Amino acid sequence: MKTLRLTAAQALVRFLENQYLHVDGEEIPFVEGIFNIFGHGNVLGIGQALQERSGRLKVIQGKNEQGMAQAAVAFSKQKLRRQIYAVTSSVGPGSANLVTAAGTALANNIPVLFLPGDTFASRQPDPVLQQLEQEHSIRITTNDALKPVSRYWDRIERPEQLMSAMLRAMEVLTDPAKAGPVTISVAQDVEGEAYDYDEAFLNKRVHYLDRRLPTDREIKEAVRLVKHAKRPVIVVGGGAKYSGAGKQLRKLSEKCSIPLVETQAGKAAVESVFNKNLGGLGVTGTLAANKAVKTADLIIGVGTRYTDFSTSSKTAFDFESAKFLNINVNRMQAYKLDAFQVVADARETLDILAAALEGYRCSFGAVAAGLKAEWELERSRLKDISIHKENYTPEIQDDVGREKLKEYSRVLDTELPQTNAVLKINDVISPSSNVVTSAGSLPGDLQRLWQARQPGTYHAEYGYSAMGYEIAGALGVKLADPANEVYAFVGDGSFLMMHSELLTALQYGKKINILLFDNAGFGCINNLQLEQGGQSYQTEFRDFENQLLKIDYAKIAEGYGAKTYRVKTLEQLEAALEDAQQQTVSTLIDIKVLPKTMTKGYEAWWNVGVSEVSEYPAVQAADRKRKEMLQAAKKY
Numbered sequence: 001m002k003t004l005r006l007t008a009a010q011a012l013v014r015f016l017e018n019q020y021l022h023v024d025g026e027e028i029p030f031v032e033g034i035f036n037i038f039g040h041g042n043v044l045g046i047g048q049a050l051q052e053r054s055g056r057l058k059v060i061q062g063k064n065e066q067g068m069a070q071a072a073v074a075f076s077k078q079k080l081r082r083q084i085y086a087v088t089s090s091v092g093p094g095s096a097n098l099v100t101a102a103g104t105a106l107a108n109n110i111p112v113l114f115l116p117g118d119t120f121a122s123r124q125p126d127p128v129l130q131q132l133e134q135e136h137s138i139r140i141t142t143n144d145a146l147k148p149v150s151r152y153w154d155r156i157e158r159p160e161q162l163m164s165a166m167l168r169a170m171e172v173l174t175d176p177a178k179a180g181p182v183t184i185s186v187a188q189d190v191e192g193e194a195y196d197y198d199e200a201f202l203n204k205r206v207h208y209l210d211r212r213l214p215t216d217r218e219i220k221e222a223v224r225l226v227k228h229a230k231r232p233v234i235v236v237g238g239g240a241k242y243s244g245a246g247k248q249l250r251k252l253s254e255k256c257s258i259p260l261v262e263t264q265a266g267k268a269a270v271e272s273v274f275n276k277n278l279g280g281l282g283v284t285g286t287l288a289a290n291k292a293v294k295t296a297d298l299i300i301g302v303g304t305r306y307t308d309f310s311t312s313s314k315t316a317f318d319f320e321s322a323k324f325l326n327i328n329v330n331r332m333q334a335y336k337l338d339a340f341q342v343v344a345d346a347r348e349t350l351d352i353l354a355a356a357l358e359g360y361r362c363s364f365g366a367v368a369a370g371l372k373a374e375w376e377l378e379r380s381r382l383k384d385i386s387i388h389k390e391n392y393t394p395e396i397q398d399d400v401g402r403e404k405l406k407e408y409s410r411v412l413d414t415e416l417p418q419t420n421a422v423l424k425i426n427d428v429i430s431p432s433s434n435v436v437t438s439a440g441s442l443p444g445d446l447q448r449l450w451q452a453r454q455p456g457t458y459h460a461e462y463g464y465s466a467m468g469y470e471i472a473g474a475l476g477v478k479l480a481d482p483a484n485e486v487y488a489f490v491g492d493g494s495f496l497m498m499h500s501e502l503l504t505a506l507q508y509g510k511k512i513n514i515l516l517f518d519n520a521g522f523g524c525i526n527n528l529q530l531e532q533g534g535q536s537y538q539t540e541f542r543d544f545e546n547q548l549l550k551i552d553y554a555k556i557a558e559g560y561g562a563k564t565y566r567v568k569t570l571e572q573l574e575a576a577l578e579d580a581q582q583q584t585v586s587t588l589i590d591i592k593v594l595p596k597t598m599t600k601g602y603e604a605w606w607n608v609g610v611s612e613v614s615e616y617p618a619v620q621a622a623d624r625k626r627k628e629m630l631q632a633a634k635k636y
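For the sequence shown, the UniProt record's numbering begins at 1 and goes up steadily by one.
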């Protein structure tokens with residue numbers, strides 16, 4: 001047996017460099033590179049190992065641990081989970097900052113490798129800087145906080161433990177059924193300790209992503225369910241996109257006249273202009289999609305988790321007449337809503353189903369076409385909403401909303417509705433551009449209104465809806481697809497949460513475009529307060545004299561070195577977009593929009609906690625309404 005004497009950190013770097021994934025006849029490097037912020041827990045171990053020999057691994061310096069980790073999540077998501085970045089941080093606050101990003105990866109089933117440093121295995125200098133102390137166990141460190149948000153978690157306290165830990169890590173990271181974040185924390189003294197590693201551990205290793213085929217039993221029952229259905233609808237989830245099943249979805253939909261509806265993760269698996277694609281489903285969905293699923297007698301879920309936004313808190317479907325058929329590589333997800341389960345790869349299953357359904361056409365095609373046409377009229381109406389200082393009534397019917405519009409218009413000096421701005425951007429930018437969003441009101445507007453004219457160009461992180469993901473996510477998408485423009489749709493609230501990786505994008509020449517929608521607060525949550533009978537409280541950005549804050553976000557980005565624009569009209573927005581496309585440096589467009597001009601729900605309901613005891617009559621009414629709606633929700 002040949003061995004190499006290396007430190008644990010050196011062996012780790014060499015191991016990562018030699019991991020490959022074999023998918024559909026193509027072999028690709030699995031680990032693209034390593035994001036890092038070095039501190040005393042990793043700079044002298046992993047940092048030194050990378051400095052001496054990083055090989056083909058790209059090494060990128062982050063600015064915030066959460067930010068760089070969210071960029072790694074977005075990279076893997078955009079690569080359809082077939083390539084990853086590793087992320088290394090120091091012990092203590094550095095590793096604590098990874099928790100939010102790990103939660104994002106776990107909720108979205110995205111493989112990312114976290115490599116936080118840890119305290120001393122020897123315990124000789126305990127407690128070291130940034131080490132926590134618990135009276136009931138000295139083994140607990142900050143890294144234990146990553147356990148509930150990791151698909152696999154391990155701690156390396158001897159250099160030889162690295163071998164079994166990394167093999168287990170790769171098994172999880174490359175398994176589509178349980179893909180998610182993996183945390184391997186390495187004690188900082190062990191990072192520098194030497195060991196005679198077997199060369200076989202360090203040699204090229206190929207992991208195979210084999211597509212699981214459905215059984216004959218699964219196909220037979222699936223075919224029976226579809227053939228007995230008169231009004232089937234296919235729910236396209238993220239798993240369909242990761243499987244690369246877009247062509248198969250189109251084929252089955254066209255052949256059998258079955259309409260498609262999309263989750264946030266599934267949007268753009270099939271382009272929006274496909275005639276049987278009815279758009280987003282649920283709370284942030286279109287009127288067409290929500291009407292279709294309400295009357296469906298068979299829901300075919302392809303790679304979806306059925307989150308509360310997609311199911312309108314389980315009120316989207318008629319459980320008395322609808323059956324469920326789930327196609328999912330993950331057995332747990334396939335069981336949801338008491339469905340018949342096909343535990344298999346989406347692309348392969350849809351191919352087999354299409355062949356087995358020869359001659360079947362449902363009666364839902366004409367109805368779906370009418371629903372899509374109806375929605376296109378609504379989309380056109382939202383494109384040209386006109387709101388002026390003299391008349392705030394076209395869209396805003398309540399007195400509170402009208403008064404807020406007047407105040408915001410005066411302070412921000414704008415009359416630009418958010419829907420108009422979103423649709424103008426859709427018209428102007430290239431169809432090959434990638435758009436990124438995550439939290440606030442923008443994901444709703446984008447899922448409803450955005451027409452993804454090419455597959456794979458819509459990137460929403462809505463499994464965790466992590467505020468601050470948008471700009472970091474745009475960097476990750478740019479790393480994954482450097483040839484195309486990337487646009488981060490971000491509200492002012494999310495921008496203030498985290499925009500640190502704009503500097504990273506500028507530093508490495510990775511151009512991203514930030515579309516900052518400023519409505520002077522957490523507008524989405526302010527809407528929620530008002531809609532549920534409450535009053536505006538701590539959700540707007542106001543000063544100590546209760547005046548709205550007027551912030552020049554363009555000036556912030558200018559300080560970093562970005563090309564910036566200030567926009568208050570559609571004409572200014574179009575000019576800024578056209579100029580931004582000509583730039584080679586990252587850009588930010590500061591768009592002042594009116595509040596209360598985003599889209600609202602279309603025959604959808606979201607179950608949120610409402611106070612059962614309140615002095616506000618409107619809150620009491622909201623509580624009664626919630627209890628009525630709960631009676632309609634089937635509790636699977």
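Cβ coordinates follow ideal geometry from the N, Cα and C atoms, glycine included. It should be emphasised that the depicted structure is a prediction, and the values quoted were computed from it without experimental measurement.
In terms of DSSP beta bridges, what is P232 paired with? BP columns for P232 point to L298.
Output the residue ranges of the beta strand (DSSP E) runs that lie fully inside the stretch 59-129 and measure 3 residues or longer, sorted by chain position. Runs of the beta strand (DSSP E) inside the stretch 59-129: 84-89 and 112-118.
Work out the CA separation of I387 and R381 for me, nearest whole Å. Distance between the alpha carbons of R381 and I387 is about 13 Å.
Rounded to whole angstroms, what's the CA-CA distance from A296 to S430? Just pull it up for me. Across the structure, A296 and S430 are spaced so that their CA atoms are roughly 35 Å apart.
Any idea what DSSP makes of Y195, helix, strand or coil? Looking at Y195 - three-state DSSP - the assignment turns out to be strand.
Does the distance from the CB of V593 to the CB of A421 come in under 8 Å? Yes, they are a contact pair.
For E262, which of L630, G280 and F114 has the nearest alpha-carbon? Checking every option, the nearest Cα to that of E262 belongs to G280.
Beta-bridge partners of A488, as assigned by DSSP: DSSP, once it has assigned bridges, lists V436 and I514 as partnering A488.
Please list, in chain order, all residues of the same chain as Q10 whose beta carbon is under 6 Å from its beta carbon, the five residues on each side excluded. The beta carbon of Q10 sits closer than 6 Å to those of A49, all from its chain and outside the five residues before and after it, given in chain order.
Distance check for A622 and G534, CA to CA, integer angstroms please. Approximately 9 Å between the Cα atoms of the pair.
Taking only three categories from DSSP, how would you classify K550? Taken through DSSP and simplified to helix, strand or coil, K550 comes out as coil.
Quick one: is L353 buried, meaning 16 or more other Cβ sit within 10 Å of its Cβ, or exposed? Buried, because 16 or more other Cβ atoms sit within 10 Å of the Cβ of L353.
Our contact map puts A194 next to G473 with C-beta atoms below 8 Å; I'd like the distance itself, whole angstroms only. Between G473 and A194 the Cβ distance is about 39 Å, and since that is not below 8 Å, they are no contact.
Check each candidate in Y208, S310, D481 and V87 and name the one with the smallest Cα separation from N64. A check of alpha carbon separations from N64 across Y208, S310, D481 and V87 identifies V87 as the nearest.
Under the assumption that H22 contacts Y208 (Cβ atoms under 8 Å), give the Cβ distance between them as a whole number of angstroms. With 8 Å as the limit, H22 and Y208 qualify as a contact, their Cβ atoms being about 5 Å apart.
Within the same chain, show all residues whose beta-carbon is closer than 7 Å to that of R361, passing over the 5 residues directly before and after it, in chain order. Within the same chain, Cβ atoms closer than 7 Å to the Cβ of R361 are found at C256 and S257, the five residues on either side in sequence being excluded.
According to DSSP, W153 sits in a beta bridge with which residue or residues? Bridge partners of W153 according to DSSP: T183.
So Y306 and K336 are in contact, right, with Cβ under 8 Å, and what is the actual spacing, rounded? At roughly 5 Å, the Cβ-Cβ gap stays under 8 Å, so Y306 and K336 are in contact.
Use the C-beta contact count for P394: other C-beta atoms within 10 angstroms, 16 or more gives buried, fewer gives exposed. Residue placement at P394 is poorly supported in this model, since its pLDDT is 46, which falls under 50; the coordinates are not used for a value here.
Over the uninterrupted alpha helix (DSSP H) stretch that includes T215, give me the two end residues. Premise fails: T215 is in no alpha helix (DSSP H) and is neither H nor E.
Taking 8 Å as the limit between beta carbons, can you name the residues of its chain near residue 651, skipping five residues before and five after? In the structure as shown, the chain starts at 1 and stops at 636, and residue 651 therefore has no counterpart that could be examined.
DSSP has P29 in a bridge; who is on the other side? Y20.
Please classify Q620: does DSSP put it in a helix, a strand, or coil? In the structure shown, Q620 sits in a helix (DSSP, three-state: H, G or I).
At 3 residues or longer, what runs of the beta strand (DSSP E) sit wholly inside the stretch 527-602? The DSSP assignment places complete beta strand (DSSP E) segments of no fewer than 3 residues inside the stretch 527-602 at 563-567 and 587-592, in order along the chain.
Tell me which same chain residues have a C-beta within less than 6 Å of the C-beta of G92, skipping the five on either side of it? Closer than 6 Å at the Cβ level, and outside the excluded window around G92, lie Q130 and T142.
Host beta strand (DSSP E) of T3 (start-end): If you look at T3, you'll find it in the beta strand (DSSP E) that goes T3 to T7.
Tell me the residue span of the beta strand (DSSP E) that contains Q134. Segment: none, Q134 is in no beta strand (DSSP E) and carries neither H nor E.
At which residues does the alpha helix (DSSP H) containing R53 begin and terminate? Segment: none, R53 is in no alpha helix (DSSP H) and carries neither H nor E.
Quick check: I84 and P111, are their CB atoms within less than 8 Å of each other? Result yes, Cβ atoms of I84 and P111 sit closer than 8 Å.
For E461 and M1, I'd like the C-alpha separation in whole angstroms. Straight through space, the alpha carbons of M1 and E461 are spaced by roughly 47 Å.
For the beta strand (DSSP E) holding E262, just list the boundary residues, first then last. Its beta strand (DSSP E) spans residues L260 to E262.
Should N203 be labelled buried (16 or more other beta-carbon atoms within 10 Å of its own) or exposed? That one is exposed.
Alpha helix (DSSP H) containing L506: first to last residue? Taken as a continuous stretch (DSSP letters only), the alpha helix (DSSP H) holding L506 covers E501 to Q507.
Rounded to whole angstroms, how far is the Cβ of L287 from the Cβ of E603, which I believe are closer than 8 Å? Going by Cβ atoms, the distance from L287 to E603 rounds to 6 Å, so yes, they are a contact pair.
Where does K372 fall in DSSP's three states? K372: helix per DSSP, three-state reduction.
Determine, using beta-carbon pairs with one atom in the stretch 179-198 and one in the stretch 26-38, whether at least three such pairs fall under 8 Å. With the cut-off at 8 Å, the stretch 179-198 and the stretch 26-38 do not touch.
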